[in-house]
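Residue numbers (our numbering): 1 to 125.
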């Protein structure tokens, strides 16, 4: 059995600069854990972009979380402070379509107010 790797949690500004930094730091963390990161990077990019574009509240940050369980399932979580704006895959944007295509599972968890977390899981291959 593979032990659970420690979680990585980053709090970043909800700006293009924060999004870029989050992606770079997350890819480095995946590399440090010895995980392939090509698909994960695409999912990260879309979720971070959505958090900065649609979940942004001036003066509030977003949180990026990464963890890997014993089965080597990578969980990516993006938490923002716009629980009133839930992801809508039917809205016509390509970001969630990419996440749905690449991730094995994804979803949204609410709370506590005003937070929401959009998460995606990628199983080891």
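Even glycine gets a Cβ: it sits at the ideal position worked out from N, Cα and C. All values reported here derive from a predicted model rather than from experimental measurement.
> Just to confirm, does residue 38 get its C-beta within under 7 Å of one of the non-hydrogen atoms of the ligand FMN?
Replying inline: The ligand FMN is absent from the structure shown, which contains no ligands of any kind.
> Below 8 Å between beta carbons: does that hold for residue 54 and residue 82?
Replying inline: Here residue 54 corresponds to residue number 54 of the chain shown, with the count starting at 1. Here residue 82 corresponds to residue number 82 of the chain shown, with the count starting at 1. Yes.
> By a C-beta neighbour count over all protein chains shown, 10 Å radius and 16 as the cutoff for buried, is residue 109 buried or exposed?
Replying inline: As a first step, residue 109 is located in the chain shown; it is residue number 109 there, counting from the start. That one is exposed.
> Is it true that the CB of residue 48 sits closer than 8 Å to the CB of residue 78?
Replying inline: The residue given as residue 78 occupies position 78 in the chain shown. The residue given as residue 48 occupies position 48 in the chain shown. Their beta carbons are under 8 Å apart, which means residue 78 touches residue 48 by this criterion.
> Could you check where the beta strand (DSSP E) with residue 117 kicks off and where it finishes?
Replying inline: Here residue 117 is taken as the residue at index 117 of the chain shown, counted from 1. That run of the beta strand (DSSP E) goes 116-122.
> Among the residues of its own chain, which have a CB less than 8 Å from the CB of residue 16, if the five just before and after it don't count?
Replying inline: Taking the first residue of the chain shown as position 1, residue 16 is located at position 16. Excluding positions up to five away in sequence, the list reads 52.
> Do the CB positions of residue 120 and residue 43 come within less than 8 Å of each other?
Replying inline: As a position in the chain shown, residue 120 is number 120, starting the count at 1. As a position in the chain shown, residue 43 is number 43, starting the count at 1. Taking 8 Å as the Cβ cut-off, residue 120 and residue 43 qualify as a contacting pair.
> Taking the beta strand (DSSP E) that residue 80 falls in, what are its first and last residues?
Replying inline: As a first step, residue 80 is located in the chain shown; it is residue number 80 there, counting from the start. Per DSSP, residue 80 belongs to the beta strand (DSSP E) from 74-80.
> So residue 22 and residue 86 are in contact, right, with Cβ under 8 Å, and what is the actual spacing, rounded?
Replying inline: In the chain shown, counting from the first residue as 1, residue 22 sits at position 22. In the chain shown, counting from the first residue as 1, residue 86 sits at position 86. Contact flag wrong, Cβ pair sits at about 21 Å.
> Can the beta-carbon of residue 24 be found less than 8 Å from the beta-carbon of residue 40?
Replying inline: In the chain shown, residue 24 corresponds to position 24, counting from 1. In the chain shown, residue 40 corresponds to position 40, counting from 1. Against a cut-off of 8 Å, the Cβ pair of residue 40 and residue 24 comes out as no contact.
> Which word fits residue 56, buried or exposed, when buried means at least 16 other C-beta atoms lie within 10 angstroms of its C-beta?
Replying inline: On the chain shown, position 56 is the one that residue 56 refers to. Around the beta-carbon of residue 56, 16 or more other beta-carbon atoms lie within 10 Å, marking it buried.
> Ordered along the chain, which non-local residues of its own chain (more than five positions away) have a Cβ less than 7 Å from that of residue 26?
Replying inline: As a position in the chain shown, residue 26 is number 26, starting the count at 1. 44, 64, 66.
> CA-CA distance, residue 73 and residue 58?
Replying inline: The sequence position of residue 73 within the chain shown is 73, counting from 1. The sequence position of residue 58 within the chain shown is 58, counting from 1. Cα to Cα, residue 73 sits roughly 33 Å from residue 58.
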